[in-house]
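Trainee: Have a look at this one.
In our numbering, the protein residues as written are 3 to 346.
Pasting the structure below:
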């Protein structure tokens with residue numbers, strides 16, 4: 003892609019997200035979401051491949067449907083209340099707006115577009131779609147969290163955790179694995195949204211950090227399949243080792259960064275006297291733990307001396323400082339969690 007066009011698209015993404023973050027008016031927030039949607043489509047189709055065109059079409063139709071629902075619901079709400087304020091919603095339209103925002107995020111059962119779209123686009127665009135594109139809808143969802151129906155959030159959260167674990171078990175494509183990982187992590191955030199929005203924000207920030215670290219690592223070794231990861235050790239042993247740890251962090255194993263939000267969410271659910279919900283959440287998350295451990299097991303099998311010297315690739319992988327920084331954050335933030343919570 004032309005560097006000038008790429009800069010314009012990235013700048014449009016930044017402007018769209020910033021506009022939504024700064025707005026307290028549904029119309030301005032909707033405009034920001036639309037700018038975001040339109041800006042990422044050229045990035046999806048920068049490689050002229052039928053899969054990329056199909057992914058961009060699916061993404062556009064899904065996001066356009068969600069945006070139309072947001073605009074229609076906000077207009078009807080303004081007609082009823084006389085206000086366009088984001089935090090002033092009447093009862094019937096709170097559910098429709100929440101569902102539209104969850105559709106933009108890719109929460110189950112409105113998740114069907116997300117794995118297919120991420121599978122058809124490059125890793126760099128998948129990184130943007132999994133992290134930056136979720137900031138604006140998540141911010142709006144946080145602002146209306148006190149008005150959203152608790153049963154809806156719990157149902158969507160548990161369904162997303164279940165689908166995120168179940169869908170990723172038999173995948174061989176790493177981009178689809180990351181898509182189902184995203185669905186599962188968003189389920190944890192939505193589950194606690196009504197009880198503690200600050201904890202949802204904390205979980206969201208750590209999710210962006212860990213997902214970005216994983217995507218940067220995959221981009222460094224140019225791997226999109228599990229079979230390609232299995233031969234990456236000779237090229238970059240340190241990077242493959244840190245990738246294994248990032249996967250365990252995404253799984254939520256202590257003492258890595260990913261353990262922190264899961265521990266705090268379970269403690270918060272226990273404080274709210276919802277022990278059954280906490281137990282079901284932990285049991286459904288075991289599915290996700292299984293496929294993270296499966297990926298890690300595939301990497302361990304390729305460590306010396308399991309690979310013959312004849313299959314060694316005599317080349318190295320250049321690691322960028324950004325990859326090193328994100329990986330460090332994705333592994334070592336756990337001791338600093340109380341400090342970050344106080345700041346939030």
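For each residue, glycine too, the CB sits at the ideal point set by N, CA and C.
Taking only runs that begin and end inside the segment 74-151, name each unbroken beta strand (DSSP E) of 3 or more residues, in chain order.
Mentor: The segment 74-151 contains no whole beta strand (DSSP E) run of 3 or more residues.
Trainee: Within its chain, find whatever has a CB closer than 7 angstroms to the CB of residue 206; leave out the 5 residues flanking it on each side and keep chain order.
Mentor: Excluding positions up to five away in sequence, the list reads 140 and 191.
Trainee: Between which two residues does the alpha helix (DSSP H) harbouring residue 204 extend?
Mentor: First-last of the alpha helix (DSSP H) with residue 204: 199-223.
Trainee: Determine the extent of the alpha helix (DSSP H) in which residue 345 is found, giving its start and end residues.
Mentor: Where residue 345 is concerned, the enclosing alpha helix (DSSP H) stretches over 339-345.
Trainee: Can you give the Cα-Cα distance for residue 235 and residue 247, rounded to whole angstroms?
Mentor: Between residue 235 and residue 247, the C-alpha separation is close to 14 angstroms.
Trainee: For the pair the segment 143-160 and the segment 276-289, tell me if three or more CB-CB distances fall below 8 angstroms.
Mentor: The segment 143-160, when compared against the segment 276-289, does touch it at the 8 angstroms Cβ threshold.
Trainee: By DSSP, does residue 65 sit in helix, in strand, or in coil?
Mentor: Residue 65 falls in the helix class under three-state DSSP.
Trainee: Excluding five sequence neighbours on each side, which residues of the same chain lie with their C-beta closer than 7 angstroms to the C-beta of residue 147?
Mentor: Excluding residues within five positions, the ones whose Cβ falls inside 7 angstroms are 195, 196 and 199.
Trainee: For residue 122, count neighbouring C-beta atoms within 10 Å of its own C-beta (all shown protein chains included) and say buried if the count is 16 or more, exposed if not.
Mentor: When all chains shown are included, residue 122 counts as buried.
Trainee: From which residue to which residue does the alpha helix (DSSP H) around residue 1 run?
Mentor: Limits of the chain in this structure are 3 at one end and 346 at the other, which puts residue 1 out of reach.
Trainee: State the DSSP-derived secondary structure class of residue 314, mapped to helix, strand or coil.
Mentor: For residue 314, the predicted structure reports a pLDDT of 47, less than 50, and the residue's modelled location is therefore unreliable. A value from the coordinates is still provided. Looking at residue 314 - three-state DSSP - the assignment turns out to be coil, as it is neither helix nor strand.
Trainee: How long is the line joining the alpha carbons of residue 314 and residue 242, rounded to whole angstroms?
Mentor: With a pLDDT of only 47 at residue 314, under 50, the local geometry of the prediction cannot be trusted, and no value is derived from it.
Trainee: Could you tell me which residues DSSP puts in a beta bridge with residue 27?
Mentor: Beta-bridge pairing links residue 27 to 87.
Trainee: Strictly by DSSP, which residues pair up with residue 227?
Mentor: DSSP, once it has assigned bridges, lists 175 as partnering residue 227.
Trainee: Quick check: the segment 111-118 against the segment 6-22, are at least 3 beta-carbon pairs closer than 8 angstroms?
Mentor: With a cut-off of 8 angstroms, the segment 111-118 and the segment 6-22 do not count as touching, because too few Cβ pairs lie within range.
Trainee: Nearest to residue 172 by CA position, among 292, 332, 334 and 17, is which residue?
Mentor: Looking at the Cα atoms, 292 is the closest of the given residues.
Trainee: Any idea what DSSP makes of residue 255, helix, strand or coil?
Mentor: Of the three classes helix, strand and coil, the one that applies to residue 255 here is coil, per DSSP.
Trainee: Express the C-alpha separation of residue 149 and residue 6 in angstroms, rounding to a whole number.
Mentor: Taking the straight line joining both Cα atoms gives about 43 angstroms.
Trainee: Do you know how far the Cα of residue 179 is from the Cα of residue 80?
Mentor: Roughly 40 angstroms between the two C-alpha positions.
Trainee: Could you have a look at residue 275 and say whether DSSP puts it in helix, strand or coil?
Mentor: Looking at residue 275 - three-state DSSP - the assignment turns out to be coil, as it is neither helix nor strand.
Trainee: Can residue 231 and residue 301 be called in contact, C-beta distance under 8 angstroms?
Mentor: Yes. Within cutoff.
Trainee: When we look at the beta-carbon of residue 341 and count the other beta-carbons within 10 Å, is it buried (16 or more) or exposed?
Mentor: It is exposed - the Cβ of residue 341 has fewer than 16 other Cβ atoms within 10 Å.
Trainee: Can you tell me where the alpha helix (DSSP H) holding residue 328 begins and where it ends?
Mentor: Element bounds for residue 328: 323-334.
Trainee: Going by DSSP in three states, residue 168 sits in which element: helix, strand or coil?
Mentor: It is helical.
Trainee: Taking the C-alpha atoms as reference points, what is the distance between residue 262 and residue 55?
Mentor: Whole-angstrom Cα-Cα distance: 38 angstroms.
Trainee: Would you mind stating whether residue 348 and residue 88 have Cβ atoms separated by less than 8 angstroms?
Mentor: An answer regarding residue 348 cannot be provided, because it is not within the stretch 3 to 346 covered by the chain.
Trainee: On a Cα-Cα basis, can you pick out the residue from 227, 155 and 138 that is closest to residue 39?
Mentor: Of 227, 155 and 138, the residue nearest in Cα terms is 138.
Trainee: CB-CB under 8 angstroms to residue 102, same chain, minus the five flanking residues each way: which ones, in chain order?
Mentor: Correct list, in chain order: 68, 69, 71, 72 and 75.
Trainee: What is the rounded straight-line gap between the Cα of residue 58 and the Cα of residue 275?
Mentor: Answer to the nearest angstrom: the Cα atoms are 44 angstroms apart.
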